[in-house]
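The structure appears below as structure tokens.
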Amino acid sequence: MLPGQKPTLTQDMVMKLMETSIQKANELNIAISVAVMDDGGNLKGFLRMDDASLMCMKIAQIKAYTAVGFGVPTSEWYPKIKDEPELLHGLVHVHDMVILSGGLPIYHDTHLIGGIGVSGGTGEQDILCAQTALNAFLVDL
560 MLPGQKPTLT
570 QDMVMKLMET
580 SIQKANELNI
590 AISVAVMDDG
600 GNLKGFLRMD
610 DASLMCMKIA
620 QIKAYTAVGF
630 GVPTSEWYPK
640 IKDEPELLHG
650 LVHVHDMVIL
660 SGGLPIYHDT
670 HLIGGIGVSG
680 GTGEQDILCA
690 QTALNAFLVD
700 L
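Start counting the sequence shown at 560; every next residue gets the next number (the numbering used here).
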């Protein structure tokens, strides 16, 4: 990468993120959908495991979009807004925003380069699948 050039999410990176999420889901014996968005909220990659529910398809994408849109994990939203009624009831009506666990921003150094969303397990399982993928991604950088 040249000085001043912003890192981007490559196809190889996206594939590694999705494959690692699926591997973790297999270890946990759950069926998930995983979505990866670039820093503009554009879908870069998506996989739905054979037995993953149809609703998980859209939820994984919205988790990834929310994570990249704000640069914070989706699991951090509820604790921040639970005591703020107008935020709690207002933000959940924002199109393509979700406060469900399982969406993580993807950073390369200090640059926000995307988001990953996992849906299909419990909130904790979704986070674990996404975080495992992110950890493997960071090791490869």
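Beta carbons are placed, not taken as given, at the ideal position from N, Cα and C, and that holds for glycine.
Assuming residue i contacts residue j (C-beta within less than 8 angstroms), just tell me the rounded distance between them.
i      : j      : result
Ile581 : Leu613 : Going by Cβ atoms, the distance from Ile581 to Leu613 rounds to 18 angstroms, so no, they are not a contact pair.
Asp598 : Val631 : Not a contact, Cβ separation roughly 14 angstroms.
Thr633 : Gly661 : 6 angstroms
Ala623 : Val595 : 6 angstroms
Provide the residue span of the alpha helix (DSSP H) that contains residue i, from first to last.
i      : result
Ala584 : 570-587
Pro632 : Careful: Pro632 lies outside any alpha helix (DSSP H) and carries neither H nor E.
Pro644 : 644-650
State the beta-bridge partners of residue i as determined by DSSP.
i      : result
Gly673 : Asp597, Ile665
My output table needs one value for residue i: the three-state DSSP class, helix, strand or coil.
i      : result
Leu659 : coil
Gly604 : strand
Ser678 : strand
Ser612 : coil
| message | Under 8 angstroms: do the stretch 568-577 and the stretch 662-677 share three or more Cβ pairs, one atom per stretch? | response | yes
| task | Decide if the stretch 582-590 is in contact with the stretch 673-682; the criterion is three or more beta carbon pairs, one per stretch, under 8 angstroms apart. | result | yes
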